[in-house]
Structures are given as C-alpha cells and as structure tokens.
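Below: the structure, in structure tokens.
Protein chains in written order, with this note's numbering: chain A, 66 to 397; chain B, 148 to 317.
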C-alpha cells in the first residue's frame, strides 16, 4: 500500500469537490494499492490539520453548517510548509490582478519539495514560466489540468496521448458562461441582457459577469494552454480580446440563416493569441451548445482531434484534479 | 488565369481522360472536375465542368486540341472570384455609411461584396449585417478582410469572422 498525503488549500466549490471525489473513490483507490489521505484543509478563516488523515465527511458537514472548515488558526502557508505531506492541491479562487494567494502558496509548496496540483488560473496566467521553473528546480510535479476546460482533459490529451505530435494550433470554447448566453440568445432570440440575467438566475454567470463576458477568463485559459503547449512565456495581457457584450440576437439570426452559429472562440497558433466571437459552421465539431467546453487541436501527425465536455462544476473540476493527483502518485 | 469550361463528352469509355490530357499537356493545373454521368444533354453527350489554372496564351491551342480529339467545348469562362468568406458586422452600420464600407472592399479590385443582409430592430438599437465577400484568391481574401477590419475598427463596428484554423488547415 502506497500512502500519499495531500493538503487542500482553498475549500470553496472546487476544494469541496476534491474532498467529495476522494471520498467516493477511496475504495477503488485502495484496491489499486493507493491510500490517499488528506492531512490538511484550509479556507479563508482557518484550517483543520490531522497527520493521520482528516475525516472528510465531517469536514464537509462542518463547512456546510458553519461556513468554514476551521478547527485551528493555522493558515495555508503554515500547512504547506510545516505539515508533512507530498501533494498540495491549490484550489483558492482565481485572482487575475496579482495571482495571490495562489502564487505564494505554489512557490511555498515547491520550496518545501511538494508537488502542486491546481485549478487556480491566476498564478498560471501571470507567472507560468516562473512556476514551471520553480517546480523543475525542486524536482517536483506541477499539474494544472483543472485550470482549462474543467473536466475536459486537454493537457493530458496533448502531453500524454498525443505525445510526439507537433501542435500546429488550437481552437476552442473555454468558457461555459458565454457559451450558455450565446446559445440561449440564438435559440430563444433573447437580447444579450436577458440571456445574461437568465444565466445569473441559474448560477451560471456571476453577479459581476465581466470576467466571463469580456473574455478575460477565456484569455487566461488560452495563455495557460499556449504556455504549456507551445512553451511560450505569454501572459493574459498578450491576448487580443473581444467579448460578447455587443452581440445582438439579430446577428445570431442572420448567422443562423446562413448555417453558422456565433461562439466566443479562443485561438492559439501562428504566433498569435486571440479571443473573439467567431462564426462557426453549424455542423463543425466546435459548434457545441449550452455550457459545454470544446477544444480542437490540430497536429502534424494525428490531424485534427476535438474533445468536448463540462467546463465547470465542483465535481467535474475535481475529476481533473484527482486525475493529476493520481498521475503524480503513479509517476513518483 | 483560372478558367472554367463546360465540356461535352461522348457516352463511351475513355472520354474523360481524353478531355483532361490536353490540359495537363499544356501545363494546366486542374482544380476541379465535376462529371455528371446521369445528366445527359439533349445531344446525348455528358457534360463535364472543369476548372483549371492555365497560361492565357495557350487557351486557344487547348480548345483546338480538345475539339480535334472529339471533345465538345460548350462554354469557356474566366473564374475570377473564387474565394469566399462570410462576415457579420454589428453596430451603427447604416449611419456609419454602409455604402462606403462596401466601397472600400470593392475598390480593392481583387475582392467584392457579393451578398448583404441587414437587420435593424429599432432606431436606438444597433443593427446587424451579414456579408459575403468574394476574392480572386485566398491571399486576396485575407487582404480584403484586413481592409474590412480597419474600416470596422474606425467605425466602431464589431466584426465577427469565421474560425480560422479550420479554413487555413483545410
């Protein structure tokens, strides 16, 4: 039996999803000879630490009832540096201005010789190459499947399954909120404002939707993709971004009459990074509806490969995080 | 130049090769062949549409060669605008002078706006337009898009272009 100790830094929707995913796969993992233990959880109010393994069911209940997992005052950095474990799951919210607290947490983890698995886009969109270097210098893994496309295994597909291929370009829909709004506008001939309101009522869009609808979220994900796949050192400021706020139902109708849908497309290739609304032929594999995400990868050997799936959600994102954790377990 | 020809073949084996051979002999580059075996002409011949790139100077020689070998040349035409792209514009399209927007493309000499649909929901709301631009080739089409991009930026119109990777890689 291989015992692997994990900390969960940030216990919001994603952190809790990770706890649930670990709980539900516990037996399967033990059958595979892996004993996955969470030894530390921290949220903005405090932490729970247990070297023998935290009772995740209770931690989740406490979070639900009291709004925090806190049993002690220790903060994230104390857990990362002082509690003995192998993998830090960094699941604090994305901060696109300075990447904190994610960046500090990740650098601290690398500095103390711990692997990092993250869903946090901020640090990667701002300081990808520094983080990658810090991981390499310390001989630890840095995995971030959950940062782009939620449950859709884009990095695994490109780096593992398509190993040896040269990626010529990538095109995709990497933001479920805008896809939902555009899909509803086209289907019901809603104005942008109405479709946004509906998305907000359903919890698909935030109260302040600008991060999604202005294309910033898409740009961050595109930067992470480009840096990881093309070895670039781009930041999200290098992306030419156009959002969806000016799109009219009439434009969607005109497009539809001519067999097109309009989607907010992320595009990397030919040295440029662009996020913009684009015409997509209705029968094209990129023309997925609802909140789905999709990525079409053009390579020299395999040609075009397209994958699609759920781009957000607590358990869906946790799926990618769990997969990264298990990759590290199997390869270290 | 790019030429589109309608040829008429006798309904016996080996005619298609007979029709295409002279084109390659004169260093023509065949781009497409549409052969409709089930659609006979009233004369009992089979029409074939061939599009190819060829030096203008040998065109007459080609027609002569085809006719001596028994292939009928029913129509010869120059295919000028071969590449096409669809674009959607959103904004104050009319008030920013749609005529001028179209002119900027047409004036290039290598591209034209060949289709335009407009939708104007209400006076105070922005309008939307769907445009089809044709150009003599892919390179020219890209240039035409650049022209339109500049015009759209100046007139504060949102321009929605087709996905790129798909068309470029194809």
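The beta carbon of each residue, even a glycine, is placed where N, CA and C say it ideally should be. Model, not experiment: these values are computed from the prediction.
Check                                                                                                                                  : Outcome
Beta-carbon neighbours of residue 357 (chain A), restricted to chain B and to distances below 9 Å                                      : Under the 9 Å cutoff, chain B gives no residues; its nearest Cβ is about 16 Å from residue 357 (chain A).
Supposed close pair residue 321 (chain A), residue 220 (chain A) - CB separation, criterion 8 Å                                        : Not quite, the Cβ-Cβ distance comes to about 34 Å (not below 8 Å), so this is no contact.
Neighbourhood of residue 112 (chain A) by C-beta distance below 8 Å, restricted to the same chain and skipping five residues each side : 105, 106, 134, 135, 136, 137, 138, 139, 140, 141, 143, 144
Chain B within 8 Å of residue 330 (chain A), Cβ atoms only                                                                             : yes
At least three beta-carbon pairs within less than 8 Å, the segment 225-233 of chain B to the segment 268-286 of chain B                : yes
Chain A contacts made by the segment 290-309 of chain B, where a contact means CB separation under 7 Å                                 : 305, 307, 308, 309
Same chain only: Cβ atoms within 7 Å of residue 300 (chain A), ignoring 5 sequence neighbours per side                                 : 190, 191, 288
Within-8 Å CB hit, residue 288 (chain B) to chain D                                                                                    : Reference to chain D is not applicable here, since the protein chains of this structure are A and B.
Residue 309 (chain A) in three-state terms, based on DSSP                                                                              : coil
Sub-8 Å separation of residue 215 (chain A) and residue 75 (chain A) beta-carbons                                                      : no
Neighbouring residues, chain A, relative to residue 275 (chain B) (Cβ below 7 Å)                                                       : 313, 315, 316, 319
Neighbour list for residue 336 (chain A) in chain B, Cβ cutoff strictly below 8 Å                                                      : The premise fails here: residue 336 (chain A) is roughly 13 Å from chain B at the closest Cβ pair, so nothing lies under 8 Å.
Chain A contact for residue 260 (chain B) (CB, 8 Å cutoff)                                                                             : no
Beta-carbon gap between residue 247 (chain A) and residue 329 (chain A) smaller than 8 Å                                               : yes
Min CB distance residue 279 (chain A) to chain B below 8 Å                                                                             : no
Cβ-based neighbour list, residue 124 (chain A), same chain, cut-off 7 Å, excluding 5 preceding and 5 following                         : 84, 106, 113, 134
Short CB-CB distance (under 8 Å) between residue 237 (chain B) and chain A                                                             : yes
Secondary structure of residue 315 (chain B), DSSP reduced to three states                                                             : For residue 315 (chain B), the pLDDT reaches just 45, beneath the cut-off of 50, and the residue's location in the model is therefore unreliable, leaving the point undetermined.
Spatial distance of residue 187 (chain B) from residue 216 (chain B) (CA atoms)                                                        : 20 Å
Residue range of the alpha helix (DSSP H) that includes residue 296 (chain B)                                                          : 285-301
Cα-Cα separation between residue 72 (chain A) and residue 348 (chain A), rounded to whole angstroms                                    : 44 Å
Where the segment 241-272 of chain B meets chain A: residues whose CB sits under 7 Å from a CB there                                   : 264, 266, 268
Expected contact under 8 Å - CB spacing of residue 69 (chain A) and residue 394 (chain A) to nearest Å                                 : 5 Å
Cutoff 8 Å: residue 151 (chain B) Cβ touching any chain A Cβ                                                                           : no
Inter-stretch contact (C-beta, 8 Å, three-pair minimum) for the segment 161-176 of chain A and the segment 86-95 of chain A            : no
Distance, residue 267 (chain B) Cα to residue 274 (chain B) Cα                                                                         : 5 Å
Residue 162 (chain B), DSSP secondary structure in three states                                                                        : helix
Spatial distance of residue 79 (chain A) from residue 315 (chain A) (CA atoms)                                                         : 37 Å
Rounded straight-line distance, which links the Cα of residue 253 (chain B) to that of residue 135 (chain B)                           : No information on residue 135 (chain B) is available, as it lies outside the stretch 148 to 317 that chain B covers here.
DSSP state of residue 392 (chain A) mapped onto helix, strand, coil                                                                    : helix
Interface residues of chain B facing residue 16 (chain A) [CB-CB closer than 8 Å]                                                      : Residue 16 (chain A) lies beyond the stretch modelled for chain A, which goes from 66 to 397, so this question has no answer here.
Extent of the continuous beta strand (DSSP E) run through residue 271 (chain B)                                                        : Premise fails: residue 271 (chain B) is in no beta strand (DSSP E) and is neither H nor E.
Chain B residues whose Cβ lies nearer than 9 Å to that of residue 221 (chain A)                                                        : Those do not exist, as residue 221 (chain A) stays about 21 Å from chain B at its closest Cβ, beyond 9 Å.
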